[in-house]
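Since the structure comes first, as structure tokens, the remarks are kept for the end.
In structure tokens form, the structure reads like this:
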């Protein structure tokens with residue numbers, strides 16, 4: 021008995037490497053944990069089960085910044101994965117390194133897999149394609165900011181929960197009413213730079229940076245100290261001083277406050293849906309992100325946040341064929357529709373949006389289509405196509421620091437944004453020098 | 003008469019020190035040399051190309067008022083961490099030394115926090131002071147004090163100092179306690195017979211006899227606060243609010259690994275190398291003279 025067990029072990033040990041050799045392995049590094057991590061694992065398992073030639077091996081490498089760093093460090097050591105998830109902020113860094121990445125359009129053409137870049141909705145595709153229209157990385161998860169409303173908190177403060185919150189003017193009046201009604205946390209936000217500066221600029225059709233927000237060249241300068249942005253931040257600063265806007269931190273710390281029912285209004289990504297719908301023990305609404313009536317061409321469209329998949333250079337041709345097959349699988353409408361419905365991320369292909377609508381998902385989950393409408397209602401302009409700035413992760417850090425100066429009352433909005441421009445421009449010049 | 007062991011020939015002594023020399027070369031001199039070399043370039047993140055800029059990275063750094071401000075922040079932070087970790091440790095050691103019963107238990111409990119990794123300690127303290135669910139911030143709130151370290155720079159600094167110093171108290175305690183045990187009882191008893199009370203004996207006899215340990219801990223704690231507190235700052239404040247907790251080593255990390263600016267990051271490491279080198283020389287030259295071995 022014992023002998024046969026050992027024998028079986030020996031045989032199976034010998035067999036394993038042979039079995040693995042038959043399939044080509046493709047490494048896929050991503051940044052998702054929790055529910056999102058499970059969904060990615062499921063996608064990979066489905067693909068692996070659907071065919072026998074390739075095995076996708078997914079591994080989690082930390083948060084977005086950490087995943088990008090691991091990918092870069094691995095490339096320097098010659099150990100890079102085939103597919104690397106990079107958040108939208110790292111896009112310019114990846115684009116500036118043509119020797120390290122292989123454009124998705126090339127991978128798809130070489131692999132012969134079924135792929136139609138035009139299936140992607142414009143606002144998403146535009147972020148990841150060259151000005152010539154070639155898709156460099158595959159859009160994976162994209163979201164856009166919306167306004168979340170705690171209806172119970174509104175009622176408790178004696179404010180009509182159906183009141184119009186489409187403009188910041190109306191929101192301002194509502195914040196006054198909430199405060200007067202005893203609400204201690206009328207407004208809270210996540211990702212302040214992304215929502216209140218980057219998306220704010222696109223939504224009001226004012227530039228965030230010169231050279232079409234960096235799309236037209238690396239010799240770009242920040243323009244976030246413009247009149248529209250400063251006016252918005254001044255208003256936010258006054259709300260902060262009056263205790264009507266509560267600052268909780270640089271990332272999405274405010275989500276905990278909102279989900280616990282502590283706050284009335286919350287500006288956050290549409291992808292907050294998964295967390296809010298599962299945790300909130302109050303009635304909530306999704307509304308479009310507010311805009312200032314009469315400022316710029318508002319409301320234009322909002323822009324995306326999220327990540328795309330980059331294919332790294334330096335592997336075998338057969339492996340790239342597997343990469344192509346996997347990316348083609350990911351962009352299929354079934355996979356996309358399921359992803360959209362499970363996560364609150366945007367349906368990034370028109371077909372997936374259509375399939376979701378046909379399945380009656382939006383009727384059963386009201387408000388889940390608001391993000392889609394908000395992004396696609398108008399054709400994007402040069403100011404609302406997206407951002408492509410080098411060292412942008414670090415520039416966001418600078419913006420966060422300067423915004424904290426406004427919220428604490430140490431600086432005026434104009435001073436803070438002038439300083440952010442000066443400091444950010446210095447980084448942009450270094451990025452330009454590094455990629456000359 | 004001094005006793006010396008002398009070797010005949012060169013081979014054996016060379017072989018005996020070789021492991022240490024090799025380790026120093028591979029793990030200290032080689033990386034330091036690499037940092038100095040890289041600080042002369044602006045490379046792209048992937049290492050595909052780089053621009054030679056000479057001392058351009060250093061010019062850029064010293065023209066940046068935020069970098070200069072980080073020196074001030076680092077000085078304040080290091081002094082506070084060193085004081086907050088050494089004074090309570092000495093006090094606890096003196097008290098533990100006087101215990102007759104149960105000193106073993108007491109000692110063991112005091113050493114525990116040292117086993118907690120800095121990043122984990124950071125999370126623990128952050129949780130206690132969390133502006134929404136923290137126990138301590140809630141308690142302060144009931145006393146009418148509105149704790150908000152996400153916007154108040156002073157409070158943020160206080161929090162990272164306490165979180166960094168907390169685990170170090172154990173380490174320092176261990177050394178002070180051992181040193182106290184080594185103070186000859188006869189000296190203390192003689193002073194007691196002469197009528198010196200406890201605190202007088204402490205100031206005039208015990209503290210001077212502890213000075214080698216104190217000096218050692220001073221150097222070690224300053225180096226610790228310069229380099230190893232990174233995890234605490236990363237988990238609690240990420241250098242904010244504004245730049246109030248951005249110390250030099252945190253800036254090395256954020257410029258190098260968040261900003262992918264390896265040239266500037268290397269230049270900062272080189273600056274840091276010189277700062278710590280200079281500090282250690284100063285300590286050995288001026289303070290060590292006052293230490294009685």
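Residue numbers (my numbering), protein chains in the order written: chain E, 21 to 456; chain A, 3 to 295. Note that the Cβ used here is the ideal one computed from N, Cα and C, for glycine as well.
Asked	Found
Same chain, Cβ closer than 6 Å to residue 349 of chain E, neighbours up to 5 away in sequence not counted	67
Chain A within 7 Å of residue 452 of chain E, Cβ atoms only	no
Closer than 7 Å to chain E by CB, residue 57 of chain A	no
Beta-ladder partner(s) of residue 54 of chain A, from DSSP	A:43
Where residue 394 of chain E falls: helix, strand or coil (DSSP)	helix
Candidates E:94, E:176 and E:437: closest to residue 425 of chain E by CA position	E:437
Contact check, residue 115 of chain E vs residue 87 of chain E, beta carbons under 7 Å	no
Cross-chain neighbours of residue 96 of chain E in chain A, by beta carbon under 9 Å	47, 48 and 49
Within-7 Å CB hit, residue 117 of chain E to chain A	yes
Which listed residue (A:183, A:120 and A:194) has its alpha carbon closest to that of residue 168 of chain A	A:120
Residues that residue 277 of chain E contacts on chain A, provided the C-beta gap is smaller than 7 Å	134
Residue-level contact to chain A via CB, residue 269 of chain E, 7 Å cutoff	yes
Proximity test, Cβ basis, 7 Å: residue 218 of chain E and chain A	no
Straight-line Cα distance separating residue 280 of chain A from residue 116 of chain A	28 Å
Beta carbon proximity, residue 91 of chain E to chain A, threshold 7 Å	no
Residue 260 of chain A: CB within 6 Å of a non-hydrogen atom of the ligand MG	In the structure shown, the ligand MG is absent, as is every other ligand, since no ligand is present at all.
Residue 354 of chain E - containing alpha helix (DSSP H), residue span	353-363
Beta strand (DSSP E) runs contained entirely in the segment 92-132 of chain E, provided each spans 3 or more residues	103-107
DSSP three-state assignment for residue 23 of chain A, whether helix, strand or coil	helix
Residue 246 of chain A and residue 158 of chain A closer than 7 Å at C-beta	yes
Pick from E:173, E:369, E:326 and E:388 that is closest to residue 138 of chain E, judged by C-alpha positions	E:369
Chain-order list of residues whose beta-carbon lies under 6 Å from that of residue 94 of chain E (same chain, five-residue window excluded)	100
Proximal residues, the segment 396-418 of chain E versus chain A, C-beta separation under 7 Å	411, 413, 414 and 417
Residue from A:162, A:21, A:135 and A:189 whose Cα sits closest to the Cα of residue 241 of chain A	A:162
Members of the segment 99-132 of chain E that neighbour chain A once the beta carbon cut-off is set at 8 Å	113, 116, 117, 119 and 120
Neighbour flag for residue 364 of chain A against chain E, beta carbons, 7 Å	No answer is possible for residue 364 of chain A: it lies beyond the span of chain A, which begins at 3 and ends at 295.
Bridge-paired residues (DSSP) for residue 80 of chain E	E:50
Three CB pairs or more closer than 8 Å across the segment 104-115 of chain A and the segment 268-284 of chain A	no
Cβ-based neighbour list, residue 129 of chain A, same chain, cut-off 7 Å, excluding 5 preceding and 5 following	136
Distance, residue 291 of chain E Cα to residue 177 of chain E Cα	27 Å
Contact check, residue 174 of chain E vs residue 344 of chain E, beta carbons under 7 Å	no
Residue 3 of chain A at chain E interface by Cβ criterion, 7 Å	Caution is warranted here: a pLDDT of 48 is assigned to residue 3 of chain A, below 50, making its placement in the model unreliable, and the coordinate value is therefore given only provisionally. Answer no: the Cβ-Cβ gap between residue 3 of chain A and chain E never drops below 7 Å.
Check whether residue 159 of chain E and residue 328 of chain E have beta carbons under 7 Å apart	yes
Partners in chain E for residue 259 of chain A, counting only beta-carbon separations shorter than 7 Å	89
Proximity of residue 440 of chain E and residue 253 of chain E at Cβ, strictly below 7 Å	no
Simplified DSSP assignment, three categories, for residue 207 of chain E	strand
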